[in-house]
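Step one of this worksheet: look at the structure below.
Number of protein chains: 2
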Amino acid sequence: MIVKKSLAEGFAAFEEPWSPRVAGEINNMQIKLAKLEGAFIWHRHDEEDELFLVISGRLRMEFREQKAQVVEAGEFIVVPHGVEHRPVAEEPCEVVLLEPGTTLNTGNVDNGRTVRNLERI
Amino acid sequence: MIVKKSLAEGFAAFEEPWSPRVAGEINNMQIKLAKLEGAFIWHRHDEEDELFLVISGRLRMEFREQKAQVVEAGEFIVVPHGVEHRPVAEEPCEVVLLEPGTTLNTGNVDNGRTVRNLERI
Chain A
149 MIVKKSLAEG FAAFEEPWSP RVAGEINNMQ IKLAKLEGAF IWHRHDEEDE LFLVISGRLR
209 MEFREQKAQV VEAGEFIVVP HGVEHRPVAE EPCEVVLLEP GTTLNTGNVD NGRTVRNLER
269 I
Chain B
149 MIVKKSLAEG FAAFEEPWSP RVAGEINNMQ IKLAKLEGAF IWHRHDEEDE LFLVISGRLR
209 MEFREQKAQV VEAGEFIVVP HGVEHRPVAE EPCEVVLLEP GTTLNTGNVD NGRTVRNLER
269 I
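Here's what the structure looks like:
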C-alpha cells in the first residue's frame with residue numbers, strides 16, 4: 149500500500165506535546181511527527197541515531213559535552229547514538245523525527261514521560 | 149560529531165536534477181536532497197523502501213499497478229520496496245529523500261541516469 153501524508157494534516161490530528169505519532173515506515177525506520185513544548189529530559193539512545201527536522205517554531209538541542217545547537221524551521225539536526233541530549237522548545241515547535249522503530253522517546257530513561265505503543269496517524 | 153543543516157542552504161549548493169546529495173546519516177539510512185525536473189525512468193528497489201518529502205514544487209509519482217499520486221509541498225509519500233515507480237516533476241521540484249544507504253537512484257535499472265558515489269553536502 150502506498151502511504152501519502154500531509155505534514156499539516158498530521159500535526160492537526162493531535163495536540164499533546166512530547167508524544168510522537170507514527171506517520172510512516174521506511175524499512176526499519178519510522179517517520180514520526182511530534183510537538184515539543186518546554187524542556188524534555190536528559191537522555192541518550194544507546195543504539196539509535198535520531199534526526200529532528202523542524203517544521204515550525206525553534207528547537208534548542210542541548211548536549212552535556214558540547215554547546216547547544218539552535219535548530220530553526222527548515223533545518224535538521226542528527227543526534228548520534230550514545231550522545232546525551234535534551235530537546236528544549238521555548239515556544240511550541242513541530243518536528244519530523246526519523247529514527248529506528250526501536251527508539252524509545254526517553255532513551256535510557258524510563259519515567260512518566262516515556263511513551264510506548266505510539267499512536268499512528 | 150553533531151550535524152545540523154539547513155535545507156535551503158543544501159538545495160542552494162547544487163543545480164543538477166536527478167543527482168541526489170547526501171546531507172546526513174541516521175544509522176543505516178541516508179537523508180538526501182534532490183532536485184527533480186521532468187520524468188525519471190521506471191524502476192523499483194528490490195529491498196529498500198523510499199520516502200519522498202516534497203519541499204517545493206510538486207511531484208507526481210506514477211505506478212504501474214495503481215493510479216499516480218500527486219505529492220504537494222509539505223506532503224510525503226513512501227514507496228515500498230518492490231513497487232515499480234516513476235517520479236515525474238512537470239515543474240522543478242525539491243525533495244528530501246530518506247532511504248537506506250544501499251539505495252541506487254535507478255533501482256533495478258543501471259543506465260546513464262544511474263549515479264554512484266553521491267556527493268555529500
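Here the protein sequences come in this chain order: A and B.
Position one of the first sequence corresponds to residue 149 (our numbering), numbered consecutively onward.
Position one of the second sequence corresponds to residue 149 (our numbering), numbered consecutively onward.
In this text, a Cβ means the ideal position worked out from N, Cα and C, and glycines have one as well.
Please read all numbers here as calculations on a predicted model, not as lab measurements.
| Item | Value |
| --- | --- |
| Between which residues of its own chain and Phe211 of chain B is the CB-CB distance below 6 Å, once the five residues before and five after are set aside? | His233 |
| In the DSSP assignment, what are the bridge partners of Ile269 of chain B? | Paired residue(s): none; Ile269 of chain B is not in a bridge. |
| Kindly list the residues whose CB is nearer than 8 Å to the CB of Glu247 of chain B, restricted to its own chain and excluding five residues on each side of it in sequence; keep chain order. | Met177, Gln178, Lys180, His193, Glu196, Asp197, Glu198 and Leu199 |
| Note down, in chain order, every chain B residue with its Cβ under 9 Å from the Cβ of Ser154 of chain A. | Glu220, Gly222, Glu223 and Phe224 |
| Go ahead and pull the three-state DSSP assignment for Gly172 of chain A. | strand |
| For Phe162 of chain B, does the three-state DSSP call read helix, strand or coil? | coil |
| Would you mind telling me which residues of chain A sit closer than 7 Å to Gln217 of chain B, beta carbon to beta carbon, in chain order? | Ile150 and Lys152 |
| Would you kindly check if the distance between the Cβ of Ala221 of chain B and the Cβ of Arg208 of chain B is under 8 Å? | no |
| Going by Cα to Cα distance, which pick from A:Pro228, A:Glu242 and A:Thr250 is closest to Leu155 of chain A? | A:Glu242 |
| Using the C-alpha atoms, what's the distance from Gln214 of chain B back to Gly172 of chain B? | 32 Å |
| Is the beta carbon of Val202 of chain B sitting closer than 8 Å to the one on Val219 of chain B? | yes |
| Does any CB atom of chain A fall closer than 8 Å to the CB of Val263 of chain B? | no |
| Count the other CB atoms, across all protein chains shown, that sit within 10 Å of the CB of Pro168 of chain A; report buried if there are 16 or more and exposed otherwise. | buried |
| Is the beta carbon of Ile269 of chain A sitting closer than 8 Å to the one on Ile225 of chain B? | no |
| 8 Å is my cut-off, CB to CB: does Asp258 of chain B come that close to chain A? | no |
| Are the C-beta of Pro240 of chain A and some C-beta of chain B separated by less than 8 Å? | no |
| Is DSSP giving Glu157 of chain B helix, strand or coil here? | helix |
| Measure the alpha-carbon distance for Lys152 of chain A versus Pro228 of chain B and round it to whole angstroms. | 12 Å |
| Whose Cβ in chain A lies nearer than 8 Å to the Cβ of Gly205 of chain B? | The contacting residues do not exist; Gly205 of chain B stays about 16 Å from chain A at best. |
| Would His191 of chain B pass as a contact of Asn256 of chain B if the rule is Cβ separation under 8 Å? | yes |
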